[in-house]
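Trainee:
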Amino acid sequence: MFGNKAKPDTRSQQKRAVSAALLQRLVGPDPQSIGALAAIARLVDYPPGAIAVADHDEVAYLAAGALRFVTQSGAAVTLTSEQAAARYPLPCGHRIARIEAAKGSRLIWLPRTAMAQRQPTTPEPPKLTGSEESALTELRGYFDSPHYELPSLPDLAIKIGDAIDKNTTTSDDIARLIQLDPVLSTRMLSVVNSAAFGGVNRITSIQQATTRLGRSKVRSLVFSCLLKSIFRVSGGDLQRRMEAVWQHSVKVAALSYVLGKVTPGIDAEQAMLAGLVHDIGGVAVIGAISRFPQLAVREQVFEHVVASLRTTAATRAITHWGLEQELGAVVRDAHFWQRTGTALADDTDIVIVARLHAAFGTPQAHALPRLDALPAFSKLANGDMTPRQSLAVLDRAAADVREVQALIAQ
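Residue numbers for the sequence shown, in our numbering: 39 to 448.
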């Protein structure tokens, strides 16, 4: 699960009592089970060095000390037990290359089954007419049928993504694929040379861009530049709604990029892509509704259908694209304000906060949670940001947000 070498301090393997008060400060455990958990929780001390744990049936929290996380991209982030983020489970999975105890540290281990299954609340469905109910039943069946047409990535995005994934391809090979589309090439150079993307030393060719940026950033930028084509649907009214989803997604992507730049361990370009695709489920549902137009007549019914089918559609689409590992959590959880996540901010946390910022000043804002009530917010900028500071950061970066929006929306 974490690291690969060091073992817990053998001098500290005896059972240590875990108080209910200590468990109550943690985010994640079922509050109704705290008493029982205190009897089975484990406290384990670790000396400085890499931490190696292979038990996927348990969840760990930092109780004392400091941990250093190294991501697969090489970024290093330190978490101390004094930080608010230490109340959340430690991260694991593909994103984390290793975890090290920066000094003698103590972890709390809990059974994974003890974690509360928190789910977003589903709004009360509107009363449907007979034709609407019949159409919704047919739509659900269509989603489960082999005839369902998933949103498709542009062919060039697939080819470039495949080339980036192959160890045998070079930066020049990837550059040649990008240059097959002159419009994409021009947009890529505009993006990498923009002030928002820190374009100080001008990049004059796609070959330079692919060499300097690295494969991960190139993939994120290519996909971001090519995705607009999937936000299309036949029918004027549905296309108006799809355009609204696109414009909202572009704004969330731009905000995600700016927030990602100030949050350790986050690849800002990947966060931007996450923001752009976070509502791919909504795109898929709107596309399917074009076959059942009676579901788009009443706005309340339309919104209910999109909200109730969004997650299922998003999961299928992102799996079909082969991006489940990178973006699966984003498309499933970005609409869940109270998502717990882990102690280390990830792209989903960034997108959740960006979504709330994007809603400020809209008619829907009054019904949304406070910024500091979001679990995701406590992890941004290493947990050192207040709501006022967050607004100030985005206010100072307003020009960058507008520039990124314009670059993506071309």
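For every residue, glycine included, the Cβ atom is placed at its ideal position computed from N, Cα and C.
Quick one: residues in its chain with C-beta nearer than 6 Å to the C-beta of Ile196, no 5 flanking neighbours on either side, listed in chain order?
Mentor: Closer than 6 Å at the Cβ level, and outside the excluded window around Ile196, lies no residue.
Trainee: According to DSSP, simplified to helix, strand and coil, what is Pro149?
Mentor: Three-state result, Pro149: strand.
Trainee: I need the boundaries of the alpha helix (DSSP H) containing Glu162, first residue and last residue.
Mentor: Looking at the DSSP string, Glu162 is not in any alpha helix (DSSP H), and its letter there is neither H nor E.
Trainee: Measuring CB to CB, does Leu264 end up less than 8 Å from Pro192?
Mentor: Their beta carbons are under 8 Å apart, which means Leu264 touches Pro192 by this criterion.
Trainee: Would DSSP call Arg354 helix, strand or coil?
Mentor: DSSP places Arg354 in helix when its eight states are reduced to three.
Trainee: With which residues is Glu138 paired in a DSSP beta bridge?
Mentor: DSSP, once it has assigned bridges, lists Ala88 and Arg106 as partnering Glu138.
Trainee: Locate the beta strand (DSSP E) running through Val115, then write down its first and last residues.
Mentor: Ala114 to Thr118 is the span of the beta strand (DSSP E), which, as asked, contains Val115.
Trainee: CA-CA distance, Ile390 and Gln157?
Mentor: Between Ile390 and Gln157, the C-alpha separation is close to 15 Å.
Trainee: Could you spell out where the alpha helix (DSSP H) holding His395 opens and where it closes?
Mentor: Residues Asp385 to Ala397.
Trainee: Given that a residue counts as buried once 16 or more other Cβ atoms are within 10 Å of its Cβ, and exposed if not, what is Ser190?
Mentor: When all chains shown are included, Ser190 counts as exposed.
Trainee: Does Val56 pass the burial test, meaning 16 or more other C-beta atoms within 10 Å, or should it be called exposed?
Mentor: Buried, because 16 or more other Cβ atoms sit within 10 Å of the Cβ of Val56.
Trainee: Can we say the segment 96 to 111 touches the segment 134 to 148, given the rule of at least three CB pairs closer than 8 Å?
Mentor: The segment 96 to 111, when compared against the segment 134 to 148, does touch it at the 8 Å Cβ threshold.
Trainee: So, with DSSP's three-state summary, where would you put Tyr180?
Mentor: Three-state result, Tyr180: helix.
Trainee: Taking DSSP as the reference, what is the three-state secondary structure of Glu462?
Mentor: The structure shown has nothing for residue 462, since the chain only spans 39 to 448.
Trainee: Skipping 5 residues on each side, what residues in its chain have a beta carbon closer than 8 Å to that of Arg178?
Mentor: Excluding sequence neighbours, Arg178 sits near Leu347.
Trainee: So, is Gly453 buried or exposed, given that buried needs 16 or more other C-beta atoms within 10 angstroms?
Mentor: Any answer about residue 453 is impossible in this case: the structure gives the chain only from 39 up to 448.
Trainee: Under three-state DSSP, which class holds Val449?
Mentor: Here the chain has residues from 39 to 448 only, and residue 449 is not among them.
Trainee: Count the other CB atoms, across all protein chains shown, that sit within 10 Å of the CB of Val221; report buried if there are 16 or more and exposed otherwise.
Mentor: The residue is exposed, with fewer than 16 neighbouring Cβ atoms inside 10 Å.
Trainee: List the endpoints of the continuous alpha helix (DSSP H) containing Ser294.
Mentor: Counting along the chain, the alpha helix (DSSP H) containing Ser294 begins and ends at Gly274 to Lys299.
Trainee: Here's the rule: buried if 16 or more other CB atoms are within 10 angstroms of the residue's CB, otherwise exposed. What is Ala247?
Mentor: With 16 or more other Cβ atoms within 10 Å, it is buried.
Trainee: Taking the C-alpha atoms as reference points, what is the distance between Arg270 and Phe181?
Mentor: Cα to Cα, Arg270 sits roughly 18 Å from Phe181.
Trainee: Between which two residues does the alpha helix (DSSP H) containing Glu307 stretch?
Mentor: Element bounds for Glu307: Ala306 to Val315.
Trainee: By Cβ distance, which residues of its chain are closer than 6 Å to Gly273, with the 5 residues on each side in sequence left out?
Mentor: Closer than 6 Å at Cβ, skipping near neighbours: Ser328.
Trainee: Alpha carbon to alpha carbon, how far is Asp219 from Val315? Give it in angstroms, no decimals.
Mentor: Each residue's alpha carbon lies about 22 Å from the other.
Trainee: Within 8 Å, do at least three Cβ pairs link the segment 288 to 299 to the segment 119 to 136?
Mentor: Counting Cβ pairs under 8 Å, fewer than three are found: no touch.
Trainee: How many angstroms separate the CA atom of Arg80 from the CA atom of Pro149?
Mentor: Taking the straight line from one Cα to the other gives about 9 Å.
Trainee: By Cβ distance, which residues of its chain are closer than 6 Å to Phe398, with the 5 residues on each side in sequence left out?
Mentor: No residues qualify anywhere along the chain.
Trainee: Is the separation between the beta-carbon of Gly379 and that of Pro407 shorter than 8 Å?
Mentor: The answer is no: Cβ separation not under 8 Å.
Trainee: Does the separation of the CB atoms of His358 and Leu188 fall below 8 Å?
Mentor: Yes, the Cβ-Cβ distance between His358 and Leu188 is below 8 Å.
Trainee: Can the beta-carbon of Ala383 be found closer than 8 Å to that of Leu418?
Mentor: Yes, these two residues count as a Cβ contact at 8 Å.
Trainee: Quick one: residues in its chain with C-beta nearer than 7 Å to the C-beta of Ala306, no 5 flanking neighbours on either side, listed in chain order?
Mentor: Taken in chain order, the residues that qualify are Tyr295, Gly298 and Lys299.
Trainee: Alpha carbons only, please: which of Glu337, Gln363 and Ile318 is nearest the one belonging to Gly131?
Mentor: Closest by alpha carbon: Gln363.
Trainee: Considering only C-alpha positions, which residue in the set Val442, Arg440, Ile78 and Ala124 is nearest to Thr151?
Mentor: Ranking the options by Cα distance to Thr151, first place goes to Ile78.
Trainee: So if DSSP puts Ala98 in a beta bridge, which residue, or which two residues, is it bridged to?
Mentor: Trp147.
Trainee: Nearest to Gln338 by alpha carbon, out of Arg225, Gly319 and Leu166?
Mentor: Out of Arg225, Gly319 and Leu166, Leu166 has the C-alpha closest to the C-alpha of Gln338.
Trainee: Taking Cys130 as part of the alpha helix (DSSP H), name the residues at either end of that continuous run.
Mentor: Here Cys130 belongs to no alpha helix (DSSP H), and DSSP marks it neither H nor E.
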